[in-house]
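Enquirer: First the structure, then my questions, so here it is.
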Amino acid sequence: MSFINTLAGGGQALMKLMERQEARGSVHRRVVALELGHNGEWRGLEAELGGESIAVSRAWMLDGEAAPIPSKQAEATIVFNSRRAVCRLLELADAPASQVNSMVSLRLELELPFPVEETTWVCKPVENGRATVSQGLLIAAVTADVAEAEDALRAKGIRPGAVEFAPAGLAELALASGGGLEDTVAVADLGVSGVTLAILHAGTLRYARHMETGIDGHDGMAEWVPRVVSELKQSMCDYLLRTDAGPPSRLIASGQVLRIEGLLDELGEALGMPVDRAPWPDVVQVAGEVSSTDDLLADYPACLGVLLAAHRRLRNESTVAPPLRTEVQRFRLEKLDLRGKRAGLLAANIVALVAFVGALMAGQALRLRAAERVIEGSRPLLSQLDRLQEEVSLLQYEGKRQRPMLDALLALSEIFPSEIQIETLSIDAKGKVSIAGQTKSVETVSDEAVAAMEASPLFASPQFLGATKKKDTYSFSMTCNLRMGGGGT
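FYI, the numbering for the sequence shown is 1 to 489, going by the working numbering.
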């Protein structure tokens with residue numbers, strides 16, 4: 001993903017966000033992965049990412065009263081889990097990767113058990129070694145469920161950042177431990193009250209499901225195995241109906257039941273397949289206040305996998321799945337929501353002013369002199385009404401002007417190679433986009449970036465204008481047109 005230093009006309013808040021994005025692209029990055037438990041408690045891992053390894057420094061719980069994140073520099077990533085979430089591998093007609101989202105959006109009504117307009121979703125093209133894509137990994141959740149998790153974290157005094165899918169974290173944990181690279185394997189977070197399952201085939205996430213056992217404490221563990229076996233077998237049958245791949249050859253286990261001696265053997269006998277404890281990934285080191293690695297695999301397996309995914313992205317390596325929501329997308333939603341609230345407040349003020357003037361005039365309608373006084377007194381209010389209407393029009397114009405800017409920014413951040421850093425971006429009234437920035441290789445811009453823009457449905461006629469050598473980098477400039485037209489600087 002490209003990191004933006006400056007966006008012309010984007011506003012001070014957007015500039016601050018982009019500065020944080022640029023800082024994350026540096027050598028090191030501090031992340032806190034937080035998962036909401038069944039009893040309303042937050043559990044999380046804090047780690048320093050960078051170089052060849054991950055250094056986990058803290059493992060902690062947030063319950064009861066609000067508590068601050070131990071490190072203010074850490075980004076709070078939500079590890080999202082829900083029994084209503086959907087993870088499916090879709091068969092698509094061969095098409096360029098840039099068109100996958102458009103193709104998937106046409107199929108959402110058929111694939112989802114909840115309304116499309118109430119859905120937060122993301123789709124990752126599955127690489128097949130060709131220029132086109134024939135499969136896409138769809139991850140979707142009810143937007144209200146995502147918002148509920150975000151609000152619960154805000155109630156602890158913590159601002160949420162990105163939202164990651166918990167089963168994708170388990171898949172990353174399995175891959176980092178050497179599982180799921182060639183055959184079909186299942187990996188599960190086996191908790192007492194809930195079980196999260198992910199199935200991988202040839203290194204690709206194919207299926208995921210979260211199940212609740214209905215057991216709150218260890219007193220009901222005699223019923224835990226039959227209930228979990230029934231749910232896992234049902235999930236694997238559902239998986240086989242949706243794919244042409246074979247059944248999982250083994251189950252990689254993590255979660256709380258690792259602490260119960262003999263339970264994995266009992267589970268394996270009931271399932272009819274080997275059940276192995278998840279090995280500790282070599283890339284992760286522990287330090288500071290962290291307890292044993294066995295405790296981390298028992299209490300924080302999905303959080304650990306999300307840290308592994310963040311580390312891979314920092315190294316420009318592919319991951320099992322993209323975030324369900326990035327921090328840039330969250331900023332855009334928050335800005336649009338704020339703009340809507342401002343416009344609503346102005347509209348309410350206009351209605352109140354009109355009602356006030358009407359009340360004054362109605363109360364004195366029978367007497368001419370009184371009516372004249374009312375009209376005279378209402379003129380300043382009508383003048384304010386005109387100014388408020390002008391401000392509403394200005395906000396509407398600003399929304400139309402800024403949207404192409406944000407759309408172009410998000411599109412470029414997705415399609416540009418990661419080594420390209422955009423410093424300025426502007427759009428004139430005719431929809432012409434001017435871009436300037438830094439790159440380590442001229443060919444990355446002149447060949448790869450131009451080709452990516454030509455394949456994008458948003459941009460047309462990209463032109464590389466040239467580059468100037470500056471120490472170890474090149475300053476470049478280029479232009480293109482927005483297919484949607486319009487814009488501003």
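Glycine is no exception: its CB is placed at the ideal position from the N, C-alpha and C atoms. Treat the numbers as computed from the prediction; the structure is a model and nothing was measured.
Could you tell me whether the Cβ atoms of Glu-150 and Leu-324 are closer together than 8 Å?
Expert: What you label residue 150 is simply residue 150 of the sequence shown in a count that begins at 1. What you label residue 324 is simply residue 324 of the sequence shown in a count that begins at 1. No, these two residues do not count as a Cβ contact at 8 Å.
Enquirer: Bridge partners of Glu-48, per DSSP?
Expert: Your numbering for residue 48 matches position 48 in the sequence shown. The partner list for Glu-48 (beta bridge, DSSP) reads Arg-30 and Ala-55.
Enquirer: Check whether the region 276-294 and the region 231-244 touch, using three or more Cβ-Cβ pairs below 8 Å as the test.
Expert: Proximity of the region 276-294 to the region 231-244 falls short of the contact definition, fewer than three beta-carbon pairs being nearer than 8 Å.
Enquirer: Along the beta strand (DSSP E) that carries Ser-254, what are the first and last residues, could you check?
Expert: Counting from 1 along the sequence shown, the entry for residue 254 is found at position 254. Unbroken beta strand (DSSP E) run through Ser-254: 251-254.
Enquirer: On the three-state DSSP scale, how would you describe Ile-158?
Expert: To locate residue 158, count along the sequence shown from 1; it is residue 158. In this structure, Ile-158 counts as coil in the three-state DSSP scheme.
Enquirer: Where does Arg-330 fall in DSSP's three states?
Expert: As a position in the sequence shown, residue 330 is number 330, starting the count at 1. Note on Arg-330: pLDDT 47, under 50, position unreliable in the model; no value is reported.
Enquirer: Arg-227 lies in the alpha helix (DSSP H); which residues open and close that run?
Expert: Here residue 227 corresponds to residue number 227 of the sequence shown, with the count starting at 1. Looking at the DSSP string, the run of the alpha helix (DSSP H) that includes Arg-227 is 224-242.
Enquirer: Under three-state DSSP, which class holds Thr-503?
Expert: Residue 503 lies beyond the stretch modelled for the chain, which goes from 1 to 489, so this question has no answer here.
Enquirer: To the nearest angstrom, how far is the alpha carbon of Glu-22 from that of Ser-98?
Expert: If you number the sequence shown from 1, residue 22 lands on position 22. If you number the sequence shown from 1, residue 98 lands on position 98. Interpretation of Glu-22 is limited by its pLDDT of 45, a score under 50 that renders its predicted location unreliable; the figure taken from the coordinates is listed afterwards. Spanning the two alpha carbons is a distance of roughly 24 Å.
Enquirer: Does Leu-241 pass the burial test, meaning 16 or more other C-beta atoms within 10 Å, or should it be called exposed?
Expert: The residue you call residue 241 lines up with position 241 of the sequence shown. Exposed.
Enquirer: Would you give the residue range spanned by the beta strand (DSSP E) that Ala-198 belongs to?
Expert: Here residue 198 is taken as the residue at index 198 of the sequence shown, counted from 1. 194-201 is the extent of the beta strand (DSSP E) around Ala-198.
Enquirer: Figure out for me which residue from Asp-428, Asp-447 and Ile-427 has the closest Cα to the Cα of Phe-416.
Expert: Against the sequence shown, residue 416 aligns to sequence position 416. Minimum Cα distance to Phe-416 is reached at Asp-447.
Enquirer: Quick one: is His-210 buried, meaning 16 or more other Cβ sit within 10 Å of its Cβ, or exposed?
Expert: If you number the sequence shown from 1, residue 210 lands on position 210. His-210 comes out buried.
Enquirer: Please report the Cβ distance between Leu-458 and Leu-482, rounded to the nearest whole angstrom; I am assuming they are in contact, meaning their Cβ atoms lie under 8 Å.
Expert: By one-based count along the sequence shown, residue 458 stands at place 458. By one-based count along the sequence shown, residue 482 stands at place 482. Right, the Cβ-Cβ distance comes to about 7 Å (below 8 Å), so this counts as a contact.
Enquirer: As a quick exercise: from Thr-119, Glu-75 and Gly-51, pick the residue whose alpha carbon is nearest that of Arg-84.
Expert: Stepping through the sequence shown from its first residue, residue 84 is reached at position 84. Among Thr-119, Glu-75 and Gly-51, the Cα nearest to that of Arg-84 belongs to Thr-119.
Enquirer: For Pro-322, which residues in the same chain have their Cβ closer than 7 Å to its Cβ, ignoring the five residues on either side in sequence?
Expert: Within the sequence shown, residue 322 is the residue found at index 322, counting from 1. The residues are Val-122 and Lys-124.
Enquirer: Quick check on DSSP: helix, strand or coil for Met-61?
Expert: For this step, residue 61 is matched to residue 61 along the sequence shown. Strand.
Enquirer: Just to confirm, are Val-290 and Val-56 a CB contact at a threshold of 8 Å?
Expert: Your numbering for residue 290 matches position 290 in the sequence shown. Your numbering for residue 56 matches position 56 in the sequence shown. It is a contact, given that the beta carbons lie within the stated cut-off.
Enquirer: Spatial neighbours of Gly-437 within its chain, please: C-beta separation below 7 Å, excluding the five flanking residues on both sides.
Expert: On the sequence shown, residue 437 is found 437 positions in, with the first residue counted as 1. Only Ile-420, Gln-421, Ile-422, Glu-423 and Phe-476 meet the Cβ criterion.
Enquirer: Would you kindly check if the distance between the Cβ of Cys-303 and the Cβ of Pro-208 is under 8 Å?
Expert: Your numbering for residue 208 matches position 208 in the sequence shown. Your numbering for residue 303 matches position 303 in the sequence shown. The residue asked about is misnamed: residue 208 is Ala in this sequence, not Pro. No; because the gap between Cβ atoms is not below 8 Å, this pair is not in contact.
Enquirer: Can you check DSSP and say which residues form a bridge with Ala-436?
Expert: Reading the sequence shown from its first residue, position 436 is the one you call residue 436. DSSP output for Ala-436 lists Thr-424 and Ser-477 as bridge partner(s).
Enquirer: Below 8 Å, how does it come out for the region 43-61 and the region 132-150: are there three or more Cβ pairs, yes or no?
Expert: no
Enquirer: Hey, would you say Val-286 sits closer than 8 Å to Thr-293, going by beta carbons?
Expert: In the sequence shown, counting from the first residue as 1, residue 286 sits at position 286. In the sequence shown, counting from the first residue as 1, residue 293 sits at position 293. Contact flag set, yes.
Enquirer: Measure from the C-beta of Thr-479 to each C-beta in chain C and report whether the shortest distance is under 8 Å.
Expert: Among the chains in the structure shown there is no chain C, since it carries only a single protein chain.
Enquirer: Could you tell me whether the Cβ atoms of Gln-256 and Ala-298 are closer together than 8 Å?
Expert: Here residue 256 refers to the residue found at position 256 of the sequence shown. Here residue 298 refers to the residue found at position 298 of the sequence shown. The answer is yes: Cβ separation under 8 Å.
Enquirer: Using CA coordinates, which residue listed in Leu-267, Ala-310, Ala-460 and Glu-261 is at the minimum distance from Val-79?
Expert: Within the sequence shown, numbered from 1, the residue matching residue 79 stands at position 79. With distances taken between Cα atoms, Val-79 lies closest to Ala-310.
Enquirer: Within the region 251-314, note down every full alpha helix (DSSP H) run reaching 4 residues or more, in order along the chain.
Expert: Segments of the alpha helix (DSSP H) lying fully in the region 251-314: 263-271, 293-299 and 301-314.
Enquirer: Could you have a look at Arg-24 and say whether DSSP puts it in helix, strand or coil?
Expert: Within the sequence shown, numbered from 1, the residue matching residue 24 stands at position 24. Low confidence applies to Arg-24: its pLDDT is 43, below 50, so where it sits in the model is not reliable enough to give any reading.
Enquirer: Tell me where the alpha helix (DSSP H) around Val-450 begins and ends.
Expert: For the purposes of this step, residue 450 is taken as the residue at position 450 of the sequence shown. Taken as a continuous stretch (DSSP letters only), the alpha helix (DSSP H) holding Val-450 covers 450-455.
Enquirer: Considering only the beta carbon of each residue, do Thr-184 and Ser-249 sit closer than 8 Å?
Expert: The residue you call residue 184 lines up with position 184 of the sequence shown. The residue you call residue 249 lines up with position 249 of the sequence shown. Yes, they are a contact pair.
Enquirer: Can you tell me which of Thr-479, Ala-198 and Ala-411 puts its alpha carbon nearest to the alpha carbon of Ser-461?
Expert: For the purposes of this step, residue 461 is taken as residue 461 along the sequence shown, with counting starting at 1. Checking every option, the nearest Cα to that of Ser-461 belongs to Thr-479.
Enquirer: For Gly-191, which three-state DSSP category applies?
Expert: As a working note, residue 191 is residue 191 in the sequence shown. DSSP places Gly-191 in coil when its eight states are reduced to three.
Enquirer: For Thr-132, which of helix, strand or coil comes out of DSSP?
Expert: Here residue 132 refers to the residue found at position 132 of the sequence shown. It is a strand residue.
Enquirer: Might you give, ordered along the chain, the residues of its own chain that have their beta carbon closer than 6 Å to the beta carbon of Arg-312, omitting 5 neighbours on each side?
Expert: Position 312 of the sequence shown, counted from the start, is the residue given in the question as residue 312. So the list reads Thr-319, once near-sequence residues are dropped.
Enquirer: Which first and last residues belong to the alpha helix (DSSP H) in which Ala-174 is found?
Expert: Reading the sequence shown from its first residue, position 174 is the one you call residue 174. Segment 166-176, the alpha helix (DSSP H) holding Ala-174.
Enquirer: Suppose contacts are defined by Cβ-Cβ distances below 8 Å. Is Gly-40 in contact with Trp-60 by that definition?
Expert: As a first step, residue 40 must be located in the sequence shown, where it is residue number 40. As a first step, residue 60 must be located in the sequence shown, where it is residue number 60. No; because the gap between Cβ atoms is not below 8 Å, this pair is not in contact.
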